[in-house]
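Peer 1:
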Amino acid sequence: MSSSVIAPTAVLGAGTRHGEFCVIGENVKIGSGCVIGHHVVIHDDTTIGDNVRIDDHTVIGKNPMKAANSATTKDQQLPACQIGPDCIIGTSVVIYRGSDIARRVLIADLSTVRENVTIGRFTIVGRGVAIENFCKIGMYVKLETNVYVTAYSEIGDRVFVAPCVATSNDNFVGRTEERFKHFKGVTVKRGARLGVHATVLPGKTINEDALVAAGALVTEDVPAHKIVAGLPAKPFRDVPKEQLLENQGWKDE
Amino acid sequence: MSSSVIAPTAVLGAGTRHGEFCVIGENVKIGSGCVIGHHVVIHDDTTIGDNVRIDDHTVIGKNPMKAANSATTKDQQLPACQIGPDCIIGTSVVIYRGSDIARRVLIADLSTVRENVTIGRFTIVGRGVAIENFCKIGMYVKLETNVYVTAYSEIGDRVFVAPCVATSNDNFVGRTEERFKHFKGVTVKRGARLGVHATVLPGKTINEDALVAAGALVTEDVPAHKIVAGLPAKPFRDVPKEQLLENQGWKDE
Amino acid sequence: MSSSVIAPTAVLGAGTRHGEFCVIGENVKIGSGCVIGHHVVIHDDTTIGDNVRIDDHTVIGKNPMKAANSATTKDQQLPACQIGPDCIIGTSVVIYRGSDIARRVLIADLSTVRENVTIGRFTIVGRGVAIENFCKIGMYVKLETNVYVTAYSEIGDRVFVAPCVATSNDNFVGRTEERFKHFKGVTVKRGARLGVHATVLPGKTINEDALVAAGALVTEDVPAHKIVAGLPAKPFRDVPKEQLLENQGWKDE
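From first to last, the protein sequence lines stand for chains A, B and C.
Each residue of the first sequence is one higher than the one before, counting from 1387 in my numbering.
Each residue of the second sequence is one higher than the one before, counting from 1387 in my numbering.
Each residue of the third sequence is one higher than the one before, counting from 1387 in my numbering.
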């Protein structure tokens, strides 16, 4: 006997358990061995792999909201939300329809993942992180607590973003018709790292294995393998050899 | 048949739908054509206009909490929460009793709006924004993701606040009895703009159509139509003409 | 008649009320006179004192998540979550198993408190605050809105942290095996204060009754009773006498 409301067309795999007061919509497919908490909402058409953990109060497959006044959200037909096997999704997370999340990803409490987002395998999305629409997040990425990834950003494999880093995508700060042609998120190339409370301006690129120091304001592209620091950020030395990605001995699975 | 718990004195307009496990309190009035998600809680006496969308897990009309130790929250009789027509309220939003929200406002996921707050029409409150108590937010304002609006602030019409901007209201940083006389939020005048990760100190005013650059720390009032940047922020040039509010051709509805 | 699901082994004290659709687990003990909102989840073994208020959608006693890829979360046996009497817990808060919260603490909306955390009496944890695992928070502390307390931090009694302050604990920014030996949060000693949007680097100590100015980046230990400011932060004068903790006339209860 369960208090949950499960659509007749939803399919739950063998050994998958769910808590009280869940709502599981039409055509949802959930793999085997999943553990779903209380008050979880899984909207229509979502597909979830095997052995996924989803904690209380999380919402998956949400349809976007369209403000009267929005610059980036348009009405559109979105593919169903896809969550790969062995993922862990925390409490009060919101994942939109039109997102595609690979296997073994962790998405911690109170994070949001918007539509038209892909996240690669083994990536960690920390507590309170916001990934806006039209972002591509690589594999083995770490986005630490409260990181803000603006719309139209691209984050490469093995990137590390420390807590409370902010990004932006509008150099015109909400003015002129011109700006709609120039909206551009940030690009962080493979293995690059950003320190706590750093800021990256619209359209800037952090190149391979570069390091942005804590509190730095990135106003120009950052060269590969360089450390930049300050406000605005200036290069001041090379990334130490023992910290380079190629010297970690890490292998992709 | 519905799993929701709706008080006998609540009134829902024609065509208004709600999801599973909602709780709708005494004397709540909801207009027609609304779409209310799952697990939504609407506390006693709240009034909601026509065609409002409210997403899963949102709480409206919450009574304030009073810490043993709080500097700004007092026991008080609050008017009921009011939400105008055509608003969109996201997932896991918390809106307090004693707030008044005009028509066509968007309040995105995980935002909080405290008591004694007014928000003007067509304003966008981004994901994770916190608007503290005793704030007045104008119309056509954009508060982007994770913006923090401190108590006792006033944000004028057509203001644009980029993601992760922070404000404060206590120059004495929690010390002296004197400070209770000086609590003052920030004032942002019509059309002014703040860049990503900017910080505004207590009591400061950003004047009409001024622009605070990304990452700047505002320690003095900002003159109208000027751009300021740096830590602390200093004026460095005028806002380009084509970016001035008067040159956008925008009309209020 | 109640829609909530309460385990037969759970014990609720006299006069304790709860809302709709709550889930209260095995061996939970709740004192008398508590007011629990709607959709609240209290996981197994949690103990809650008398006269505690818990608002809608809050989760207490959550089991940690273990990412394939995490640097600080290990499998472990955790003691049950303990919440002292006269606490107020806001909406959509997440408190983990293995946390111990003293009496008269306020934890505001959308905050998270991880495992292996202690919080002293009369402390205020503001809206959206994240306290990571292995932190010790003193009594009469104020952590304002959106403060981020990194893992392995220690915050002394009567500390004041202004909104949007960020901290970090990994000087190697996610690289080298060496870093696991050096993980260290921040230490904030009794009565110290941090201004809005300040940043503190890994392992740094803010000494007794020091003051970090708004927006400052703390890269070295801060001496007692000194004010530091800038990026990086430099000492620039003494804390004014009338603001020193010893001159406030405050007494511990």
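In this text, a Cβ means the ideal position worked out from N, Cα and C, and glycines have one as well.
Look at the alpha carbon of A:A1466 and the alpha carbon of A:K1415, and state the distance between them as a whole number of angstroms.
Peer 2: 11 Å
Peer 1: Going by the CB atoms, is the gap between A:P1549 and C:T1531 shorter than 8 Å?
Peer 2: No, they are not a contact pair.
Peer 1: Determine which residues of the stretch 1550-1579 of chain B have a Cβ less than 8 Å from any Cβ of chain A, and write them out in chain order.
Peer 2: C1550 and R1579
Peer 1: Closer than 8 Å, CB to CB, is A:K1528 near chain C or not?
Peer 2: yes
Peer 1: Below 8 Å on C-beta distance, what does A:H1425 contact in chain E?
Peer 2: The displayed structure is made up of protein chains A, B and C, and chain E is not among them.
Peer 1: Does DSSP put B:H1429 in a helix, a strand or coil?
Peer 2: coil
Peer 1: Between which residues of its own chain and B:S1390 is the CB-CB distance below 8 Å, once the five residues before and five after are set aside?
Peer 2: H1404, G1405, E1406, F1407, C1408, V1409 and I1410
Peer 1: Less than 8 Å between the beta carbons of B:T1585 and B:G1571, yes or no?
Peer 2: no
Peer 1: Check the Cβ-Cβ distances between C:A1600 and every residue of chain B, and say whether any is below 8 Å.
Peer 2: yes
Peer 1: Compare the C-beta of A:Q1634 against all C-beta atoms of chain C and say whether one is closer than 8 Å.
Peer 2: yes
Peer 1: Does any CB atom of chain A fall closer than 8 Å to the CB of C:Y1534?
Peer 2: yes
Peer 1: In this structure, how does DSSP classify A:Q1468 when only helix, strand and coil are distinguished?
Peer 2: Three-state result, A:Q1468: strand.
Peer 1: Taking the Cβ atom as the reference point for each residue, do B:G1423 and B:I1440 lie within a distance shorter than 8 Å?
Peer 2: yes
Peer 1: At the level of alpha carbons, what is the spacing between C:R1579 and B:G1470?
Peer 2: Looking at the two C-alpha atoms, the distance is approximately 41 Å.
Peer 1: Tell me the DSSP bridge mates of A:A1516?
Peer 2: A:T1498 and A:Y1534
Peer 1: So the beta strand (DSSP E) A:F1622 belongs to, where does it begin and stop?
Peer 2: A:F1622 -> beta strand (DSSP E) spans K1620 to D1624.
Peer 1: Please report the Cβ distance between A:S1418 and A:T1402, rounded to the nearest whole angstrom; I am assuming they are in contact, meaning their Cβ atoms lie under 8 Å.
Peer 2: In this structure, A:S1418 and A:T1402 form a Cβ contact; the two beta carbons are roughly 6 Å apart against a cut-off of 8 Å.
Peer 1: List the residues that DSSP assigns as beta-bridge partners of A:T1585.
Peer 2: A:A1552 and A:L1603
Peer 1: Does the Cβ-Cβ distance between A:E1594 and A:K1575 come in under 8 Å?
Peer 2: yes
Peer 1: Given a limit of 9 Å on CB to CB distance, which residues of the stretch 1605-1627 of chain A reach chain B?
Peer 2: T1605, L1617 and P1618
Peer 1: Roughly how many angstroms lie between the CA atoms of A:L1529 and B:S1478, to the nearest whole one?
Peer 2: 22 Å
Peer 1: To which residues of the same chain is B:A1596 closer than 8 Å at the C-beta, ignoring the five residues directly before and after it?
Peer 2: K1575, A1578, R1579, V1608, P1609, A1610, H1611, K1612, I1613, V1614 and V1625
Peer 1: Should B:A1400 go down as buried or exposed, given a rule of 16 or more other Cβ atoms within 10 Å for buried?
Peer 2: With fewer than 16 Cβ atoms within 10 Å of its Cβ, B:A1400 is classed as exposed.
Peer 1: Give the single residue among B:H1568, B:A1488, B:L1603 and B:D1442 whose Cα lies nearest to the Cα of B:P1621.
Peer 2: B:L1603
Peer 1: Can you give me the C-alpha to C-alpha distance between A:I1475 and A:I1493, rounded to a whole angstrom?
Peer 2: 5 Å
Peer 1: State buried or exposed for A:V1489, treating a residue as buried only when at least 16 other CB atoms are found within 10 Å of its CB.
Peer 2: The residue asked about is misnamed: residue 1489 of chain A is Arg in this sequence, not Val. It is buried - the Cβ of A:R1489 has at least 16 other Cβ atoms within 10 Å.
Peer 1: Give the interface partners of B:V1499 over in chain C, defined as CB-CB distance under 8 Å, in chain order.
Peer 2: Those do not exist, as B:V1499 stays about 11 Å from chain C at its closest Cβ, beyond 8 Å.
Peer 1: Could you pull the start and end residues of the alpha helix (DSSP H) that B:K1627 belongs to?
Peer 2: Element bounds for B:K1627: n/a, residue is neither H nor E.
Peer 1: Using the three-state DSSP reduction, which class does B:F1566 fall into: helix, strand or coil?
Peer 2: helix
Peer 1: Along the stretch 1500-1516 of chain B, where does the CB come closer than 9 Å to a CB of chain C? Name the residues.
Peer 2: R1500, G1514 and A1516
Peer 1: If we count the other Cβ atoms within 10 Å of its Cβ and call it buried at 16 or more, is C:P1588 buried or exposed?
Peer 2: buried
Peer 1: Report the rounded CA-to-CA distance for C:G1616 versus A:I1434, giving the unit in angstroms.
Peer 2: 48 Å
Peer 1: Do the CB positions of B:K1452 and B:H1429 come within less than 8 Å of each other?
Peer 2: no
Peer 1: Considering Cα atoms alone, identify which of C:H1425, C:V1421 and C:N1555 is closest to C:N1437.
Peer 2: C:V1421
Peer 1: How should B:K1627 be labelled, buried or exposed, when 16 other C-beta atoms within 10 angstroms of its C-beta is the threshold for buried?
Peer 2: exposed
Peer 1: Report the option in B:V1598, B:F1558 and B:Q1462 whose CA atom is closest to the CA atom of C:G1581.
Peer 2: Answer by Cα proximity: B:F1558.
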